[in-house]
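To keep things clear, I will list the structure first and then write my remarks on it.
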Amino acid sequence: MIMDRFGGFFGLLTLIFITLKLTAVLSWSWWWVLAPIWIPLLLTSVGVIVATAVVTRKNKQHEKDQEIMKDQKEQNILQGFEDDMRH
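Start counting the sequence shown at 10; every next residue gets the next number (my numbering).
Rendered as structure tokens:
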């Protein structure tokens, strides 16, 4: 629903800008006339890239933590066997 509203807003804004450009009311570059289309796409893409980087980093840290815990468990088990062998 929110995307419909924003999509409708940006779509309407794009149509207004195109109309004003074609009637020579605006002398803007076509890049700026079409900005309501590409700027939200650009911002969404940047958001997806940042979110992916954050999730990837957290997953790598989680994997490192799991590996450390596994190594500690193995050391504790070996330590327990060594203690049993001494007694």
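Here a beta-carbon is modelled for each residue, glycine too, at the ideal position from N, C-alpha and C.
Where residue i falls: helix, strand or coil (DSSP)
| i | result |
| --- | --- |
| A60 | helix |
| L35 | coil |
| L43 | coil |
Check whether residue i and residue j have beta carbons under 9 Å apart
| i | j | result |
| --- | --- | --- |
| F19 | W37 | no |
| L22 | P45 | yes |
| V42 | L50 | no |
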